[in-house]
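Asker: Position one of the sequence shown corresponds to residue 1 (UniProt numbering), numbered consecutively onward.
From the three backbone atoms N, C-alpha and C, an ideal C-beta is built for every residue, glycine too.
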Amino acid sequence: MTAAATIRAYYDAFNAGDMDRFLALLTEDVAHDINQGARQTGKDAFAKFMDHMNRSYREELTDMVVMVNEDGTRGAAEFIVNGTYLATDEGLPEANGQTYRLPAGAFFEIRDGKVARISNYYSLPDWIAQVGG
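Now the structure itself:
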C-alpha cells in the first residue's frame, strides 16, 4: 500500500468508526503526538486514547487533502473535523451535545505500509470557543 493509500485508509476507518481496521493500520510501536499534549507510544496506548475519545466525541473528517513525500516515508493530511461533544472531557467545558467544525492537520511517518507516527494539530482555543467554554 502506498503512503497516500495508508493515510486515506486510516481516515476511512476512523470515519467508519471501525477501530479494529483503524488500529490494524498502526505499527506496534506507533508514536502518537496528541494535539497540545504529550507523546504516547505503542498501539495499546493509542487504543486507550481512542476509547476515551470515542466516549467524549463523535467526529467525521471531511475535505481531506493528503500529501506525501517522494519516497513514501512521510505524509500529511489537512481536513475539517465535524464533531459533536458527547461527554465532558476532564479539564474542558461541560458537554451537552454541542457541535463544532474545526480545521485540523496531521503529520505521518509511514513504515512498511503502516502508520509509525502521527502528530495531530488543531486550535484548542477555537474548539473551546465553539463549544461555549
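Roughly how many angstroms separate the alpha carbons of D112 and G75, rounded to a whole number?
Answerer: Using only the alpha carbons, I get a separation of about 14 Å.
Asker: In this structure, how does DSSP classify N69 when only helix, strand and coil are distinguished?
Answerer: Of the three classes helix, strand and coil, the one that applies to N69 here is coil, per DSSP.
Asker: Along the beta strand (DSSP E) that carries A76, what are the first and last residues, could you check?
Answerer: From DSSP, the beta strand (DSSP E) with A76 extends over R74 to Y85.
Asker: Which same chain residues end up closer than 7 Å to K43 when comparing Cβ atoms and leaving out the 5 residues on each side of it in sequence?
Answerer: So the list reads L23, L26, E28 and V30, once near-sequence residues are dropped.
Asker: Do you know offhand how far Y11's Cα is from M67's?
Answerer: Near 14 Å, if we compare the C-alpha coordinates of M67 and Y11.
Asker: Tell me the rounded alpha-carbon separation between A129 and N96.
Answerer: If I take the Cα positions, the gap works out to 14 Å.
Asker: Nearest by alpha-carbon distance to R101: which of A13, D71 and E60 is it?
Answerer: Of A13, D71 and E60, the residue nearest in Cα terms is E60.
Asker: Alpha carbons only, please: which of G37, A47 and E70 is nearest the one belonging to E109?
Answerer: Answer by Cα proximity: E70.
Asker: Just to confirm before moving on: does the CB-CB distance between L86 and R117 stay below 8 Å?
Answerer: In this structure, R117 does not lie closer than 8 Å to L86 by Cβ.
Asker: So, does the CB of K43 fall closer than 8 Å to a CB anywhere in chain D?
Answerer: In the structure shown, chain D does not exist; there is a single protein chain.
Asker: Quick one: grab the DSSP three-state call for T6.
Answerer: Correct three-state label for T6: helix.
Asker: Closer than 8 Å by C-beta to S56: which residues in its own chain qualify, once you throw out the five before and the five after it? Chain order, please.
Answerer: Excluding positions up to five away in sequence, the list reads Y85, L86, A87, T88, D89 and A95.
Asker: Identify the continuous alpha helix (DSSP H) that holds N54 and give its terminal residues.
Answerer: Residues K43 to S56.
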